[in-house]
Every structure is written in structure tokens, then in C-alpha cells.
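Quick note: the sequence shown uses the numbering used here, first residue 504, plus one each step.
For glycine and all other residues, C-beta sits at the position ideal for the given N, C-alpha and C.
Heads up, the thing below is written out as C-alpha cells.
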Amino acid sequence: FENDDLRAVHACWDAGIMALLANSLPTGRLDSDLLRRSCLPDSELAHAVDISLKGWEITLPDDLRFTDPEGNQRRKIRIKWWEDPAATGLHQLSVEDIGGLSQRPPDPALRNGTHWYRPDEKAVFFGHYWLKNIPALQRHNVCCLDFSVARNGHLAAYRFGEGGPLNPSGLVYV
Numbered sequence: 504f505e506n507d508d509l510r511a512v513h514a515c516w517d518a519g520i521m522a523l524l525a526n527s528l529p530t531g532r533l534d535s536d537l538l539r540r541s542c543l544p545d546s547e548l549a550h551a552v553d554i555s556l557k558g559w560e561i562t563l564p565d566d567l568r569f570t571d572p573e574g575n576q577r578r579k580i581r582i583k584w585w586e587d588p589a590a591t592g593l594h595q596l597s598v599e600d601i602g603g604l605s606q607r608p609p610d611p612a613l614r615n616g617t618h619w620y621r622p623d624e625k626a627v628f629f630g631h632y633w634l635k636n637i638p639a640l641q642r643h644n645v646c647c648l649d650f651s652v653a654r655n656g657h658l659a660a661y662r663f664g665e666g667g668p669l670n671p672s673g674l675v676y677v
């Protein structure tokens, strides 16, 4: 969803991905043909749907691995697509707090700056990330509303007023 003041997406707003999806929806609605095409392995459309629903992931360098909450060993991390990968290390870029990442730089392919949400863009709201702790804005124009309510976290919402920077007092939760 997008209007003059805000954007909303399930997991990740990436301008290139959103443009591809918009061009794939000439009527602005999902239809059976689009759903079928979005399930074709290795298709551009399947990749776009995957990123918008799950977010960007990168492979960890060397033999680094971590164990997810279900006990699975993982080599990929979901990244904060609202952070500039050229200005931060893997530890800050990772959505999860994973030991051993320290200040290692991310893959140089991410450093071209094409996959991050810039501070001068309109407000964006998203979920899917199962963030922990007390709900807070990720940045003045980035707000995650998923704070793990299904795992004893918080049910969060945002009271949106006029356009402009998001205000921490607009984020409410129980």
C-alpha cells in the first residue's frame, strides 16, 4: 500500500521490487495468473514476492552460523533493509542479535546502496520481523509493528497523524 503520506508492506519495501510488482499488477489487483507466475521457481516475479514478504537475507561470511529459535542452524541472516550497508557492519545490519558478527563488513554487493530505505523517503510500516523488547521506531521514517505478540511479545499499532517524521508517541502497544 502507498499513498501521499505513507507506505505499508508485509516485510520489506524496496523500490525496485515494488516497481516490478506494480508493473505486474496492471489492474492493481491480484489474479490467478499472477499468483501462478509468482510461484515459478527462479522467476523475477517469485523473487520480488519473496523479498516483499520475507525481506532481504544475506549469506554469512566464512563458516559463520547461528541457531534460530527453532534450533535450526542458519548461514543466512535477515538484514535491516532500512540501514545503509555501506555505513555499518554485519552486527548492526542483522535483524537478530547474533554473536560473532562484530563489525565485519557485509558482502560488497550490498555496498552499492540499492537495497536500503533512505532517511528522506516517506514513512513506511511493516511487520514479519518478530522484533523483541519494547516497541520502538526503527528510524524517524521506519516503523515495524511486529513485536512477537504470538510469542508473548507486544501487539503494536501506530496512530498516524499528518505526514512528516514519525513520532515515538504515535506507537502504541499492549
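Within its own chain, the residues whose Cβ lies closer than 8 Å to the Cβ of L640, once the five positions on either side in sequence are excluded, are C646, L669, P671 and L674, listed in chain order.
Between I520 and the set S555, L528, D536 and H513, the nearest pair of CA atoms involves S555. For R581 against R568, the beta-carbon gap comes to about 15 Å, at or over 8 Å, which does not count as contact. DSSP places R540 in the uninterrupted alpha helix (DSSP H) bounded by S535 to S541. For A518, the enclosing alpha helix (DSSP H) begins and ends at A518 to S527. For V552, the enclosing alpha helix (DSSP H) begins and ends at E547 to K557.
Of the residues V552, R654 and A660, the one whose Cα lies closest to the Cα of E573 is R654. In this structure, the beta-carbon distance from W619 to E586 falls below 8 Å.
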